[in-house]
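Following: one structure in C-alpha cells, then a few remarks.
Protein chains: 2
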Amino acid sequence: MDQDTLGHHISQRYDAELSDIRNKVLEMGGLVEQQLVNAVRALADRDRDLAETVVRSDYKVNAMEVAIDEECTHILARRQPAASDLRLLIAVIKTITDLERIGDEAERIGKMAVFQLKQESRWTPQVDLRPFGDRVASMLHGALDTFARLDVEQAIAVAREDINVDREYEGIVRQLITYMMEDPRSIPASLHLLWSARSMERIGDRSRNICEYVIYLVKGRDVRHTSLEKLEDQAREPR
Amino acid sequence: MDQDTLGHHISQRYDAELSDIRNKVLEMGGLVEQQLVNAVRALADRDRDLAETVVRSDYKVNAMEVAIDEECTHILARRQPAASDLRLLIAVIKTITDLERIGDEAERIGKMAVFQLKQESRWTPQVDLRPFGDRVASMLHGALDTFARLDVEQAIAVAREDINVDREYEGIVRQLITYMMEDPRSIPASLHLLWSARSMERIGDRSRNICEYVIYLVKGRDVRHTSLEKLEDQAREPR
C-alpha cells in the first residue's frame, strides 16, 4: 500500500469514527426524548407502570453518556483533531452532558408521577401539564434535529422557543399558587406538579444549550450568554 | 538553539499554559463561591444592595467561562495533548460548566432575595436558610480545594457531604410545607424560600460533580453514576 492510499484509508476510518459519534449522540437524544414523552404521559394519565419504567430506564441514558464521552476522549487522544473536527468533539461532549441532565429531569418527573399517585386525587389541582410537557418535548426534538442537520437558522428558531416555554411556565406557577392558597390540602399535590413543571422548564433551557452548541460548531463562535437578538445577527454573518 | 533546548522551551511554555488554566479555574471558582456567600447573606439579612450586586455580577462568571473554554480549545488544537494533560483539559471544560451553573443558581438566590423584600415580612416563614447555605458554600469550597490539590481522598469526602445536603434540604421542604398549610398567606414567601433552598441543593450536586471530575483526572476513570461506596473502593485501587 503506498503512502497516499494509506492516508486515504486512515482518513476514511477517521470520518467513520466522527460520523459514528454523531449517530450515537442522536441515538442517545432519541432515548432521552422517549423518556421525557413517557414521563409527561405517566404524570398526565396517572400511569404508575409507565412512571416506574421511566425511573428504571435512566441508567441507560447514563451509560450512553459515559460511552460517548470515552469515545470522544479516545479520538481526541489518537487523532488530535483540529478546527471543525475538534469543535465537533467539544460540542458532542457538551451536548451529551445536557442530554444526560435532561434524562435526570425526566426521571424526576417520573418520580413525581409516582408520588402523585399516593395523593388523594380530590386534592390534586386540575392543572394538566401535558400541553406544556409536549411543547418542551417538541423543543427538545427540534434541538436534536438541529444537531442532526447542523442547521443554524433552525437552531436560532428552536432557541427562541425557550421564551414561550418560560412564559408558559410562569403561568402554570401562578395557577398552582391560587390552588394552594384556596385550599391548603392541595399543597402537597400542587408542589409535585410545581416540581414537575420546573423540570420541564429546565429541559427547555438545556435544549436551548444544545442549539447554542450547534451554532458554535457551525460558526466557530461561542454564543452562550448572548441575547437572542445578537445571536441572530451573529449567526447570519458569514464566518 | 539546538533541538533539545528548543524542545525544553516549548515544553516549559506548555506547562505554563496548563498551570495558567488551572489557576484561572480556581479564580473563577473563587468568584462563584463569593457570589454564593453573598447571595445567602443577602437572603438571610434581607439586604437588597447585596442581592442586586450578586445579580449584576453574574456576567463576570459567564465571561470567565467563555474565556477559559476558548483557552482549552486552543491548547487542544495547538498542543494535541495526550493522557493526563488531555484529561486535565476535559476535566476543566466540565468543571467550568458546573461552576457557571452554580453561578446561575447564586444569581437565582439573589433574585429570590429581591422578591422576598417585596413580601410583607409578617407572612414570611421564620426559616433561616443561612446554615444550609453555609453548608453548601463550604461543600463548594471543599470541591475547589480538591481541584487545587488533586486530592482523591478529599474528593470522596466532599462528594459524600452531598448526602447530608440532600437530607437537610428535605427537612427544609417539610418545614416550609407546614408553614404553607398553616397559613396560605405565607405561600408566596414560602415558595421563594423553597426555590432558594432548591438552588442551594443543586449547588451541592454540582460540587459533587466537580469532585468526580477530579477523581477522573487523577485516576483516569469515569466515576459518574457510580455509588459512593463503589467510588471509594475504586479510588483506592492503584491505577
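One line per chain: the protein sequences are V and P, in this order. Going left to right, the first sequence walks through residues 16 to 254 as my numbering numbers them. Going left to right, the second sequence walks through residues 16 to 254 as my numbering numbers them. Note that beta-carbon positions come from the ideal geometry of N, C-alpha and C, so glycine has one too.
Practice task
Could you tell me whether any Cβ in chain V is nearer than 7 angstroms to the Cβ of Q169(P)?
Solution key: On the second sequence, position 154 is the one that residue 169(P) refers to. No - not a single Cβ of chain V is within 7 angstroms of the one on Q169(P).
Problem - Continuous alpha helix (DSSP H) stretch holding T241(V): start and end - result: Walking along the first sequence from the start, residue 241(V) turns up at place 226. Taken as a continuous stretch (DSSP letters only), T241(V) belongs to no alpha helix (DSSP H), as it is neither H nor E.
Practice task
Can you say whether E185(V) is buried or exposed, counting buried as having 16 or more other CB atoms within 10 angstroms of its CB?
Solution key: Translated into positions along the first sequence, residue 185(V) becomes position 170. Exposed: under 16 other Cβ atoms inside 10 Å.
Exercise for the section: Kindly say whether H23(P), judged by its beta-carbon, lies nearer than 7 angstroms to any beta-carbon of chain V. Expected result: Locating residue 23(P) in the second sequence gives position 8, counting from the first residue. No, H23(P) does not count as interfacial toward chain V.
Practice task
Give a yes or no on contact between the region 151-163 of chain V and the region 192-210 of chain V, applying the rule of three or more CB pairs nearer than 8 angstroms.
Solution key: no
Practice task
Pick helix, strand or coil for V142(V), following the three-state DSSP scheme.
Solution key: Counting from one through the first sequence, the residue named residue 142(V) turns up at place 127. DSSP places V142(V) in coil when its eight states are reduced to three.
Handout entry: Between the CA atoms of H207(P) and K39(V) - distance to the nearest angstrom
Key = Taking the first residue of the first sequence as position 1, residue 39(V) is located at position 24. Taking the first residue of the second sequence as position 1, residue 207(P) is located at position 192. Distance between the alpha carbons of K39(V) and H207(P): 40 angstroms.
Exercise for the section: If I'm right that H240(V) touches V238(P) with Cβ under 8 angstroms, what's the distance once you round it to whole angstroms? Expected result: The residue given as residue 240(V) occupies position 225 in the first sequence. The residue given as residue 238(P) occupies position 223 in the second sequence. That belief does not hold up - the Cβ atoms of H240(V) and V238(P) are roughly 30 angstroms apart, past 8 angstroms.
Practice task
Return no unless some Cβ of chain V is closer than 7 angstroms to the Cβ of M196(P).
Solution key: Reading the second sequence from its first residue, position 181 is the one you call residue 196(P). Chain V, which has a Cβ nearer than 7 angstroms to the Cβ of M196(P), makes this yes.
Exercise for the section: Step through the CB atoms of chain V and report whether any lies within less than 7 angstroms of the CB of H207(P). Expected result: Locating residue 207(P) in the second sequence gives position 192, counting from the first residue. No, H207(P) does not count as interfacial toward chain V.
Practice task
Flag this pair as yes or no: are the beta carbons of E183(P) and F147(P) separated by less than 7 angstroms?
Solution key: For the purposes of this step, residue 183(P) is taken as residue 168 along the second sequence, with counting starting at 1. For the purposes of this step, residue 147(P) is taken as residue 132 along the second sequence, with counting starting at 1. Yes, they are a contact pair.
Exercise for the section: Can you grab the Cα-Cα spacing for the pair S222(P) / D113(P), in whole Å? Expected result: Within the second sequence, residue 222(P) is the residue found at index 207, counting from 1. Within the second sequence, residue 113(P) is the residue found at index 98, counting from 1. Rounded to whole angstroms, S222(P) to D113(P) spans 8 angstroms at the Cα level.
Exercise for the section: Report the rounded CA-to-CA distance for S242(V) versus E227(V), giving the unit in angstroms. Expected result: Looking up residue 242(V) in the first sequence gives position 227. Looking up residue 227(V) in the first sequence gives position 212. In a straight line, the C-alpha of S242(V) is about 11 angstroms away from that of E227(V).
Exercise for the section: For my contact list, L165(P) and L232(P) are in at a C-beta cut-off of 8 angstroms; report their separation, rounded to the angstrom. Expected result: Residue numbering aside, residue 165(P) sits at position 150 when the second sequence is read from its first letter. Residue numbering aside, residue 232(P) sits at position 217 when the second sequence is read from its first letter. With 8 angstroms as the limit, L165(P) and L232(P) qualify as a contact, their Cβ atoms being about 7 angstroms apart.
Practice task
May I have a chain-ordered list of the alpha helix (DSSP H) segments no shorter than 4 residues that lie completely inside the region 82-164 of chain P?
Solution key: 98-133 and 145-164
Practice task
Determine the direct distance from the alpha carbon of D60(P) to that of R137(P), and round the result to whole angstroms.
Solution key: Here residue 137(P) refers to the residue found at position 122 when the second sequence is read from its first residue. Here residue 60(P) refers to the residue found at position 45 when the second sequence is read from its first residue. Straight-line Cα distance between these residues: approximately 15 angstroms.
Practice task
For S99(V), count neighbouring C-beta atoms within 10 Å of its own C-beta (all shown protein chains included) and say buried if the count is 16 or more, exposed if not.
Solution key: Translated into positions along the first sequence, residue 99(V) becomes position 84. Its Cβ having fewer than 16 others within 10 Å, S99(V) is exposed.
Practice task
Would you be able to state if there are at least three C-beta pairs under 8 angstroms between the region 68-76 of chain P and the region 26-36 of chain P?
Solution key: no
Problem - Residue environment, S205(V), which counts as buried when at least 16 other CB atoms sit within 10 Å - result: One-based indexing of the first sequence puts residue 205(V) at position 190. Flag for S205(V) reads buried.
Practice task
Taking V229(V) and G118(V) to be in contact with their CB atoms under 8 angstroms, please state how far apart those CB atoms are, rounded to whole angstroms.
Solution key: Locating residue 229(V) in the first sequence gives position 214, counting from the first residue. Locating residue 118(V) in the first sequence gives position 103, counting from the first residue. That belief does not hold up - the Cβ atoms of V229(V) and G118(V) are roughly 19 angstroms apart, past 8 angstroms.
Handout entry: Exposure of Q27(V), with buried meaning 16 or more beta-carbon neighbours within 10 Å
Key = The sequence position of residue 27(V) within the first sequence is 12, counting from 1. The residue is exposed, with fewer than 16 neighbouring Cβ atoms inside 10 Å.
Problem - A121(V) classed as buried or exposed, judged by whether at least 16 other C-beta atoms fall within 10 angstroms - result: Translated into positions along the first sequence, residue 121(V) becomes position 106. Under this definition A121(V) is a buried residue.
Problem - Any chain V beta carbon closer than 7 angstroms to Q95(P) - result: Locating residue 95(P) in the second sequence gives position 80, counting from the first residue. Closer than 7 angstroms: yes.
Problem - Chain-ordered neighbours of N77(V) on chain P, where CB pairs are closer than 8 angstroms - result: As a first step, residue 77(V) is located in the first sequence; it is residue number 62 there, counting from the start. Going along chain P in sequence order, the residues near N77(V) (Cβ under 8 angstroms) are R239 and H240.
Handout entry: Environment of E244(V) [buried if 16+ CB atoms lie within 10 Å]
Key = To locate residue 244(V), count along the first sequence from 1; it is residue 229. When all chains shown are included, E244(V) counts as exposed.
Handout entry: Under 8 angstroms by beta carbon: chain V residues contacting D143(P)
Key = Stepping through the second sequence from its first residue, residue 143(P) is reached at position 128. Per Cβ cutoff of 8 angstroms: no residues; D143(P) is ~21 angstroms from chain V at best.
Handout entry: Cutoff 7 angstroms: V81(V) Cβ touching any chain P Cβ
Key = For the purposes of this step, residue 81(V) is taken as the residue at position 66 of the first sequence. It does: the Cβ of V81(V) has a partner Cβ on chain P nearer than 7 angstroms.
Exercise for the section: In the DSSP assignment, find the alpha helix (DSSP H) that holds L186(V) and state where it starts and stops. Expected result: In the first sequence, the residue the question calls residue 186(V) occupies position 171. For the record, residue 186(V) in the displayed sequence is Gly; it is not Leu. It spans V167 to E197 - the alpha helix (DSSP H) in which G186(V) sits, taken as one unbroken run.
Problem - Whole-angstrom distance between M43(P) and M79(P), CA atom to CA atom - result: The count along the second sequence starts at 1 and reaches residue 79(P) at position 64. The count along the second sequence starts at 1 and reaches residue 43(P) at position 28. Taking the straight line from one Cα to the other gives about 6 angstroms.
Exercise for the section: Classify N53(P) as buried or exposed, calling it buried when 16 or more other Cβ atoms lie within 10 Å of its own Cβ. Expected result: On the second sequence, position 38 is the one that residue 53(P) refers to. N53(P) is buried by the Cβ-count criterion.
Handout entry: Close-in-space but distant-in-sequence residues of the same chain around L41(V) (CB under 6 angstroms, 5 per side omitted)
Key = Along the first sequence, read from residue 1 onward, the residue named residue 41(V) stands at position 26. So the qualifying residues of the chain are A163.
Exercise for the section: Measure the alpha-carbon distance for R213(V) versus E85(P) and round it to whole angstroms. Expected result: On the first sequence, position 198 is the one that residue 213(V) refers to. On the second sequence, position 70 is the one that residue 85(P) refers to. Taking the straight line from one Cα to the other gives about 32 angstroms.
Practice task
For E168(V), count neighbouring C-beta atoms within 10 Å of its own C-beta (all shown protein chains included) and say buried if the count is 16 or more, exposed if not.
Solution key: Position 153 of the first sequence holds residue 168(V). E168(V) should be labelled exposed.
Exercise for the section: State yes or no: is the beta carbon of P140(V) nearer than 7 angstroms to at least one beta carbon in chain P? Expected result: Reading the first sequence from its first residue, position 125 is the one you call residue 140(V). No, its Cβ sits nowhere closer than 7 angstroms to a Cβ of chain P.
Practice task
Return the chain-ordered list of same chain residues with a C-beta closer than 6 angstroms to the C-beta of L209(P), the five sequence neighbours on each side being excluded.
Solution key: Position 194 of the second sequence, counted from the first residue, corresponds to residue 209(P). If we look at L209(P) and ignore the five residues flanking it on each side, its Cβ neighbours are L191.
Practice task
Consider the Cβ of I202(P): report whether some Cβ of chain V lies at a distance smaller than 7 angstroms.
Solution key: Translated into positions along the second sequence, residue 202(P) becomes position 187. Chain V contact via Cβ: present.
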